[in-house]
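What follows is a single structure, written as structure tokens, with notes after it.
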Amino acid sequence: MDLERPSQTTKKEVLQKEHGTSSNLVYDTFIQCLTHRTQSSDHISDIVYSQANFSFTNILVSYIHNGHFNLLSTPKPLVIAMPTRESHVHVAVMCSKDLGMHLKIRSSGHDFEGISYVSDDAFFILDMFNLRSIDMDIKEETAWV
1 MDLERPSQTT KKEVLQKEHG TSSNLVYDTF IQCLTHRTQS SDHISDIVYS
51 QANFSFTNIL VSYIHNGHFN LLSTPKPLVI AMPTRESHVH VAVMCSKDLG
101 MHLKIRSSGH DFEGISYVSD DAFFILDMFN LRSIDMDIKE ETAWV
């Protein structure tokens, strides 16, 4: 007698089903993960945008340099995270791994090929725009960009 193992839906499969329908579940799950991994003083919902957010499209298209990737048919990220602290980057990477989501890092550079904001799989964008700064230490003769 051949017994079949019951199928277990993975987090990634749930996210894949959500891709193209609604990002609300993904957004909520991502927010929960980020909140769990960050300090309680961080306002994570202020730096994470779902497709339902009014600012989502403006944030998404702000650095698209190739019009071929700015079409209605172009796959969109389920979530855009715009970290304001280095710790946000760390937890966003960890949560993308936990949830089985592809991570696309956008640093506002020249991405004519669309590598940082297009994927056929469920994905989110980690937009590094808010972390643009240069810290110089004259005494140590170092600079962090």
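Residue numbers for the sequence shown follow full-length UniProt numbering, so the first one is 1 and each next one is one higher.
For each residue, glycine too, the CB sits at the ideal point set by N, CA and C.
Residues Leu34, Arg37 and Thr38 of the same chain have their beta carbon placed closer than 7 Å to that of Val91, with the five preceding and five following residues left out of the count. In the structure shown, His36 adopts helical secondary structure according to DSSP, grouped into three states. Around the beta carbon of Val26, 16 or more other beta carbons sit within 10 angstroms, so the residue counts as buried.
For a cut-off of 8 Å, the C-beta gap from Ala122 to Met101 is around 6 Å, short enough to register as a contact.
Leu25 has no beta-bridge partner at all, per DSSP. For His102, the uninterrupted beta strand (DSSP E) run begins and ends at His102 to Arg106, by DSSP. Ser119 has its alpha-carbon roughly 10 Å from the corresponding atom of Leu103.
Taking C-alpha positions only, Val79 is separated from Ile44 by approximately 13 Å. Inter-residue distance for Ser96 and Lys139 is about 38 Å (C-alpha atoms, whole angstroms). Residue burial is scored here from C-beta neighbours: Asp127 has at least 16 other C-beta atoms within 10 angstroms and is therefore classed as buried. The beta-bridge partner set that DSSP reports for Phe124 consists of Val79 and Leu103. Judged by beta-carbon spacing, Thr57 lies beyond the 8 Å limit of Asn130, meaning their Cβ atoms are not closer than that value. For Val61, the enclosing alpha helix (DSSP H) begins and ends at Phe56 to Val61.
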